[in-house]
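Below is one structure, written out as structure tokens; the observations come after it.
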Amino acid sequence: MTDVTDGVLHTLFRSEQGGHEQVVLCQDRASGLKAVIALHSTALGPALGGTRFYPYASEEDAVADALNLSRGMSYKNALAGLEHGGGKAVIIGDPELIKTEQLLLAYGRFVASLGGRYVTACDVGTYVADMDVVARENRWTTGRSPENGGAGDSSVLTAYGVFQGMRASAQHAWGDPTLHGRKVGVAGVGKVGHYLVEHLLQDGAEVVITDVREESVRRITDKFPQVTVVADTDALISTEGLDVYAPCALGGALNDESVAALTAKVVCGAANNQLAHPGIEKDIADRGILYAPDYVVNAGGVIQVADELHGFDFDRCKAKASKIFDTTLAIFARAKEDGIPPAAAADRIAEQRMAEARLG
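Position one of the sequence shown corresponds to residue 8 (the numbering used here), numbered consecutively onward.
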């Protein structure tokens, strides 16, 4: 047995990050599909989570990402009050180079083979049009276009939910649930980030952005010339007078180096798995920085796609996403009461709901 396999098996069966119910490795040679589907928990209902299409450096990295993301979805869905467990899928490869209809259809057949234990949706590298294709082979597909019975782009409510979490963070940190007059740095202004920028500007915030894609930056500055652009994330987090840092790109944004350099008093963003390693949440708290757990504030999208299964209603979803404000405040209160970081408090609340579901 190779060291790589040992590492995967250790994560699955013996580490604190494991506990997954099922992990499926999928391959379709004809289309070039290589995918991993990870089901962390179905205690609250069928596992729900998106499909990430990404050029991983190795298959091991892809498996690790699927495990981490699916576990995060269990906690996210629990705190969002959904009757769904956590799952996630990753497709290995550059979507710009290998994504084809044949590949997506093959992926849909693998998801369908799970018989409804996993409900998929969009994530990094996949879009509404892709889910329309997947749905042709798999009825447990959400994030489809309105023309095909879906809810469309879930980024809209994801951004709205992050904004509600940010309002709650402002309430806790400064006693007022508004970003008016605050300087907010947004790292990543793609699918979710550009909607978040609009909410912030409407609320009267001063916005600073960065993104590795020039076209994403240009889309913002063409529409909102008052937005400030900096070269990279390092420049963003060290911006003088920054009140809030919003990581909205890929995970691992909060690591030893970035936390040490942070000038903001609040971190609240849309990216999944922002904490680079266990223990970093304590370092954030020790620096006096308020961290709004990512899987709490970015749950607007999953609230939307879950609603699609029952006949989508945007107003109903937006009302549910508005509750992210109250959930975030409750987590801050629990953290203060228990003397622990907010990330640990959120975990406790989610774990309690999942444990009660298993017993019930």
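Glycine is no exception: its CB is placed at the ideal position from the N, C-alpha and C atoms.
- Scanning its chain for C-beta atoms nearer than 6 Å, with the 5 sequence neighbours on each side dropped, one finds around Tyr167 the residues Gly307 and Ala328, in chain order.
- Remark: C-beta atoms of Thr270 and Glu247 approach each other more closely than 8 Å.
- When the Cα atoms are used, Gly172 and Gly197 turn out to be separated by approximately 19 Å.
- CA-to-CA, the gap between Ser48 and Ser161 works out to about 23 Å.
- In this structure, Asp239 is the residue among Val199, Glu66, Asp239 and Asp68 with its C-alpha nearest to the C-alpha of Asp218.
- Measuring C-alpha to C-alpha distances from Val237 to each of Asn145, Asp72 and Val224 identifies Val224 as the nearest.
- Cα atoms of Val15 and Gln281: separation of roughly 21 Å, rounded to the nearest angstrom.
- Bounds of the alpha helix (DSSP H) holding Arg341 are Ile331 to Asp345.
- Nearest to Leu297 by alpha-carbon distance, out of Leu207, Ala340, Ala326 and Glu315, is Ala340.
- The beta carbons of Val204 and Val215 sit about 10 Å from each other, so the pair does not count as a contact at 8 Å.
- Distance from the CA atom of Asn84 to the CA atom of Leu55, rounded to whole angstroms, is 8 Å.
- The residue among Leu164, Ala37 and Asp290 with its C-alpha nearest the C-alpha of Ile105 is Ala37.
- Taken in chain order, the unbroken stretches of beta strand (DSSP E) that lie wholly in the region 81-123 and span 3 residues or more are 92-99.
- In the structure shown, Glu213 falls within a strand segment according to DSSP collapsed to helix, strand and coil.
- Buried is the label assigned to Ser81, since at least 16 other Cβ atoms lie within 10 Å of its Cβ.
- Between Pro348 and His284, the alpha-carbon positions lie close to 14 Å from each other.
- For Lys190, the uninterrupted beta strand (DSSP E) segment begins and ends at Lys190 to Ala194.
- Annotation for Thr334: Leu86 and Val303 place their beta carbon closer than 7 Å to its own, counting only its chain and skipping 5 residues before and after.
- For Pro300, the secondary structure class from DSSP, reduced to helix, strand or coil, is coil.
- In the DSSP assignment, Val30 falls within the beta strand (DSSP E) that extends over Gln29 to Asp35.
- The DSSP-derived three-state label of Thr133 is coil.
- At a Cβ-Cβ threshold of 8 Å, Gly211 and Leu243 do not count as neighbours.
- Take Glu315, set aside five residues on each side of it, and the residues of its chain with a beta-carbon closer than 6 Å to its own are Thr149, Gly157 and Ala158, in chain order.
- Judged by DSSP secondary structure, His179 falls within the alpha helix (DSSP H) whose first and last residues are Ser162 to Trp181.
- Ser223 sits in a helix when the DSSP states are folded into three classes.
- Residue state for His47 is assigned as strand, using DSSP reduced to three classes.
- Between the C-alpha atoms of Arg146 and Ala337 there is a straight-line separation of about 36 Å.
- Bounds of the beta strand (DSSP E) holding Thr58 are Thr58 to Tyr61.
- Excluding its 5 nearest sequence neighbours in each direction, Arg151 has C-beta neighbours in its own chain below 6 Å: Met138, Asp139, Ala142 and Gly157, listed in chain order.
- By the criterion of a C-beta distance shorter than 7 Å, Glu144 is surrounded in its chain by Leu112, Gly115, Arg116 and Ala119, once the five residues flanking it on both sides are discounted.
- Boundaries cannot be given for Val237, as no beta strand (DSSP E) includes it and DSSP labels it neither H nor E.
- Following the DSSP letters along the chain, one finds Val251 inside the beta strand (DSSP E) bounded by residues Val251 to Pro254.
- Per DSSP, the continuous alpha helix (DSSP H) segment holding Leu366 begins and ends at Pro349 to Leu366.
- Taking every protein chain shown into account, the CB of Gln359 has fewer than 16 other CB atoms within 10 angstroms, so this residue is exposed.
- For Val273, the beta-bridge partners assigned by DSSP are Val251 and Leu297.
- Excluding the 5 residues flanking it on each side, Ser77 has same chain C-beta neighbours closer than 8 Å at His27, Ala45, Leu46, His47, Ala54, Gly56, Gly93, Gly94 and Lys95, in chain order.
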